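*Asks:*
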Amino acid sequence: MTTPAKRPFGFLLPLFLAGLIVFAVIGPVYASSNSSQDWQTVSFFFENDLFADTDKYYTNAVQLTWVSPDLERYRDDVRLPQWTLPIIRCAPFVNVPDSTHNVGLLLGQHIYTPSDIRTTIVDPDERPYAGFLYSGLALHSKTTSQLDTLEAVVGIVGPSALGEEAQNTVHRLRGLHLARGWDSQLHDEPALRLAWQRKHRLWQWTNPNGFGADCLPHIGATLGNVKTALNAGGEFRLGYRLPQDFGTDTIRPGAGISAPLPTGPATRWGRLGVHLFAGVNAQVIARNIFLDGNTWRHSRHVDKRFIVGEISAGVAVTFEQLKITYRHVFRTQEFEHQDRGHAIGSMAVTWAF
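Here my numbering runs 6 ahead of the position in the sequence shown, where the first position is 1.
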């Protein structure tokens with residue numbers, strides 16, 4: 007077991023708990039609003055490879071996200087400290103004239119393991135154990151056809167991220183084998199990640215019966231000691247009463263806004279919408295701490311692959327202010343000696359209020 011002495015940044019945990027309190031108290035400012043622009047949203051993301059009947063690599067992640075109602079100016083959100091406003095005004099991509107803005111907050115944890123978690127002796131050709139605990143601020147700027155997101159995340163990688171405790175607690179509850187190699191995980195390291203993502207509604211089709219389709223390409227960049235990479239891809243959606251958002255992301259840097267309100271008037275069954283979607287994404291990766299190891303200290307590491315691709319498909323259901331999405335993702339090999347690609351399931355539940 008990991009000892010407390012290995013957690014020099016353990017004092018950061020109360021900061022993340024304080025962040026949970028922020029999520030608990032947001033909302034009263036806008037609670038009396040009813041127009042579609044005034045909905046704020048809370049989303050819970052859960053990603054796990056149990057959906058693919060495996061227990062390895064990128065094995066679990068959870069993220070809680072809050073997005074403000076639409077704002078004409080960022081300063082209209084009273085939650086933002088005054089000292090942040092000059093910095094926000096200088097931020098690239100998210101101060102486009104004639105666009106609508108949103109502020110987002112996020113909290114999350116990721117867990118990574120090698121393929122064999124039953125042994126205490128980790129193969130040097132296997133990816134290392136690692137946990138990542140983080141919180142962040144996102145700025146969104148959107149028009150009807152384009153969404154730009156700028157995201158800043160701070161957190162901790164290492165024992166203080168509580169990856170061992172989270173994984174083995176769940177395994178005990180489910181009667182599964184405990185992961186025994188966590189003593190070899192990455193060392194504690196403060197984490198910083200800046201990300202930008204742009205989505206564009208390239209094409210859209212609708213008919214009077216409520217059916218529609220659209221195509222949403224995206225590009226992005228990530229910079230930091232956690233990850234430095236470029237990415238590009240897209241999503242195609244087809245269904246009944248597509249929500250006027252920019253799709254539903256997996257947990258990734260710069261993930262955008264999910265607005266669960268379907269278009270069109272209510273029917274006898276309420277405001278119900280269903281759509282299918284398929285997506286692709288490719289990354290060119292300069293650094294990935296979960297494969298390259300710690301930045302300033304020697305740690306376990308593997309030889310990563312610089313180009314990684316993803317394909318995915320799924321279904322989304324919207325009803326009134328609720329949106330539930332499931333996406334199955336297949337990712338190509340991320341490091342040398344990885345036996346094959348890896349699949350995960352990604353679920354998201356979004357509530358507007």
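Positions of the beta carbon are idealized from the N, C-alpha and C atoms, including for glycine.
None of the values given here were measured: they were computed from a predicted structure.
For G187, which of helix, strand or coil comes out of DSSP?
*Replies:* Along the sequence shown, read from residue 1 onward, the residue named residue 187 stands at position 181. Coil.
*Asks:* Indicate whether T256 and V176 have their beta-carbon atoms separated by less than 8 Å.
*Replies:* Counting from one through the sequence shown, the residue named residue 256 turns up at place 250. Counting from one through the sequence shown, the residue named residue 176 turns up at place 170. Their beta carbons are not under 8 Å apart, which means T256 does not touch V176 by this criterion.
*Asks:* Going by C-alpha to C-alpha distance, which of P214, V159 and L222 sits closest to P196?
*Replies:* Taking the first residue of the sequence shown as position 1, residue 196 is located at position 190. Selected option, being the one with the closest Cα: V159.
*Asks:* By Cβ distance below 8 Å, which residues in the same chain neighbour I162 in space, the five residues on each side in sequence not counted?
*Replies:* Along the sequence shown, read from residue 1 onward, the residue named residue 162 stands at position 156. If we look at I162 and ignore the five residues flanking it on each side, its Cβ neighbours are F15, L18, F138, L139, Y140, D194, E195, P196 and A197.
*Asks:* Quick one: is D131 buried, meaning 16 or more other Cβ sit within 10 Å of its Cβ, or exposed?
*Replies:* Against the sequence shown, residue 131 aligns to sequence position 125. It counts as exposed.
*Asks:* When DSSP builds the beta bridges, which residues end up paired with Y118?
*Replies:* Residue numbering aside, residue 118 sits at position 112 when the sequence shown is read from its first letter. Paired residues: Y64 and A136.
*Asks:* Taking the beta strand (DSSP E) that A238 belongs to, which residues open and close that run?
*Replies:* Residue numbering aside, residue 238 sits at position 232 when the sequence shown is read from its first letter. From DSSP, the beta strand (DSSP E) with A238 extends over K233 to Y246.
*Asks:* Does the beta-carbon of E316 have 16 or more other beta-carbons within 10 angstroms, so that it is buried, or is it exposed?
*Replies:* Reading the sequence shown from its first residue, position 310 is the one you call residue 316. Flag for E316 reads buried.
*Asks:* Three-state secondary structure (DSSP) at W357?
*Replies:* Here residue 357 refers to the residue found at position 351 of the sequence shown. Note: W357 maps to strand in three-state DSSP.
*Asks:* Count the other C-beta atoms from every protein chain shown that fall within 10 angstroms of the C-beta of L184, then say buried if there are 16 or more, exposed otherwise.
*Replies:* Sequence index remark: in the sequence shown, residue 184 carries index 178 (1-based). Per the 10 Å Cβ criterion, exposed.
*Asks:* Here's a check: name, in chain order, each residue in its chain whose Cβ is nearer than 8 Å to the Cβ of N40, leaving out the five neighbours to either side.
*Replies:* As a working mapping, residue 40 is identified with position 34 in the sequence shown. Below a pLDDT of 50, predicted positions are generally treated as unreliable, and N40, at 44, falls in that range; no measurement from the model is reported.
*Asks:* Taking the DSSP output, what are the residues bridged to N294?
*Replies:* Taking the sequence shown and counting its residues from 1, the one referred to as residue 294 is at position 288. Paired residues: K233.
*Asks:* Thinking C-alpha only, which one of N108, S352, V102 and W357 is nearest L143?
*Replies:* Here residue 143 refers to the residue found at position 137 of the sequence shown. Residue N108 is the option with its Cα nearest to L143.
*Asks:* Counting only the same chain and skipping the five closest in sequence on each side, list residues whose C-beta sits under 8 Å from that of R186.
*Replies:* By 1-based counting over the sequence shown, the position of residue 186 is 180. Cβ neighbours of R186 beyond the five flanking positions: I123, R124, T125 and T126.
*Asks:* Does DSSP put I350 in a helix, a strand or coil?
*Replies:* The count along the sequence shown starts at 1 and reaches residue 350 at position 344. Here I350 sits in strand by DSSP.
*Asks:* Can you check whether the CB of T155 is closer than 8 Å to the CB of Y118?
*Replies:* Residue numbering aside, residue 118 sits at position 112 when the sequence shown is read from its first letter. Residue numbering aside, residue 155 sits at position 149 when the sequence shown is read from its first letter. Not in contact: Y118 and T155 (Cβ atoms no closer than 8 Å).
*Asks:* With DSSP as the reference, label F57 as helix, strand or coil.
*Replies:* Here residue 57 corresponds to residue number 51 of the sequence shown, with the count starting at 1. Residue state, collapsed to three classes: helix.
*Asks:* Is the segment 206 to 225 close to the segment 244 to 254, with three or more CB pairs under 8 Å?
*Replies:* At 8 Å Cβ cutoff, the stretches touch.
*Asks:* Given that a residue counts as buried once 16 or more other Cβ atoms are within 10 Å of its Cβ, and exposed if not, what is W202?
*Replies:* Taking the sequence shown and counting its residues from 1, the one referred to as residue 202 is at position 196. Result: buried.
*Asks:* Would you call Q46 buried or exposed, if buried means 16 or more other Cβ atoms sit within 10 Å of its Cβ?
*Replies:* Locating residue 46 in the sequence shown gives position 40, where the first residue counts as 1. The residue is buried, with at least 16 neighbouring Cβ atoms inside 10 Å.
*Asks:* Exposed or buried, which one is W72 when buried takes at least 16 other CB atoms within 10 Å?
*Replies:* For the purposes of this step, residue 72 is identified with residue 66 of the sequence shown, where counting begins at 1. Buried, since its Cβ has 16 or more Cβ neighbours within 10 Å.
*Asks:* Cα separation between G169 and R337?
*Replies:* Translated into positions along the sequence shown, residue 169 becomes position 163. Translated into positions along the sequence shown, residue 337 becomes position 331. Between G169 and R337, the C-alpha separation is close to 22 Å.
*Asks:* Shortest alpha-carbon distance to W211 belongs to which of K205, R204 and L222?
*Replies:* On the sequence shown, position 205 is the one that residue 211 refers to. Of the candidates K205, R204 and L222, the one whose C-alpha sits nearest the C-alpha of W211 is L222.
*Asks:* Buried or exposed for A292, going by 16 or more other Cβ atoms inside 10 Å?
*Replies:* The residue labelled residue 292 in the question sits at position 286 within the sequence shown. Flag for A292 reads exposed.
*Asks:* Give the straight-line distance between the Cα atoms of L260 and E157, rounded to the nearest whole angstrom.
*Replies:* Position 254 of the sequence shown, counted from the first residue, corresponds to residue 260. Position 151 of the sequence shown, counted from the first residue, corresponds to residue 157. The sequence as given places Gly at residue 260; Leu does not occur at that position. Whole-angstrom Cα-Cα distance: 6 Å.
*Asks:* To the nearest angstrom, how far is it from the Cα of T60 to the Cα of N174?
*Replies:* Locating residue 60 in the sequence shown gives position 54, counting from the first residue. Locating residue 174 in the sequence shown gives position 168, counting from the first residue. Those two C-alpha atoms are separated by around 16 Å.
*Asks:* With distance defined between alpha-carbon atoms, name the residue in G114, L113, F52 and L77 nearest to V100.
*Replies:* The residue you call residue 100 lines up with position 94 of the sequence shown. Cα-wise, what sits closest to V100 is L77.
*Asks:* Under DSSP, the beta strand (DSSP E) around I317 begins and ends at which residues?
*Replies:* Looking up residue 317 in the sequence shown gives position 311. I313 to F325 is the extent of the beta strand (DSSP E) around I317.
*Asks:* Report the partner residues of G161 according to the DSSP bridge assignment.
*Replies:* Mapped onto the sequence shown, residue 161 falls at position 155. G161 is bridged to Y140 and A197.
*Asks:* Give the secondary structure of W202 by DSSP, where H, G and I count as helix, E and B as strand, and everything else as coil.
*Replies:* The residue given as residue 202 occupies position 196 in the sequence shown. Here W202 sits in strand by DSSP.
*Asks:* If we ignore side chains and look at the alpha-carbon of each, how far apart do V48 and S74 end up?
*Replies:* Within the sequence shown, residue 48 is the residue found at index 42, counting from 1. Within the sequence shown, residue 74 is the residue found at index 68, counting from 1. Answer to the nearest angstrom: the Cα atoms are 9 Å apart.
*Asks:* Considering L330, what are the terminal residues of the beta strand (DSSP E) in which it resides?
*Replies:* What you label residue 330 is simply residue 324 of the sequence shown in a count that begins at 1. The sequence shown places Ile at residue 330, rather than the Leu named in the question. L328 to R337 is the span of the beta strand (DSSP E), which, as asked, contains I330.
*Asks:* Tell me where the beta strand (DSSP E) around T212 begins and ends.
*Replies:* Numbered from 1 along the sequence shown, position 206 holds the residue referred to as residue 212. W209 to T212 is the span of the beta strand (DSSP E), which, as asked, contains T212.
*Asks:* Which of helix, strand or coil does DSSP assign to A261?
*Replies:* As a position in the sequence shown, residue 261 is number 255, starting the count at 1. A261 falls in the coil class under three-state DSSP.
*Asks:* Out of D83, F341 and D104, point me to the one whose CA is closest to I295's CA.
*Replies:* Translated into the one-based positions of the sequence shown, residue 295 becomes position 289. Here the closest residue by C-alpha is F341.
*Asks:* On the premise that H224 lies in contact with R204, defined as a C-beta separation below 8 Å, what is that separation, rounded to the nearest angstrom?
*Replies:* As a working mapping, residue 204 is identified with position 198 in the sequence shown. As a working mapping, residue 224 is identified with position 218 in the sequence shown. Yes, R204 and H224 are in contact; Cβ-Cβ is about 6 Å, under 8 Å.
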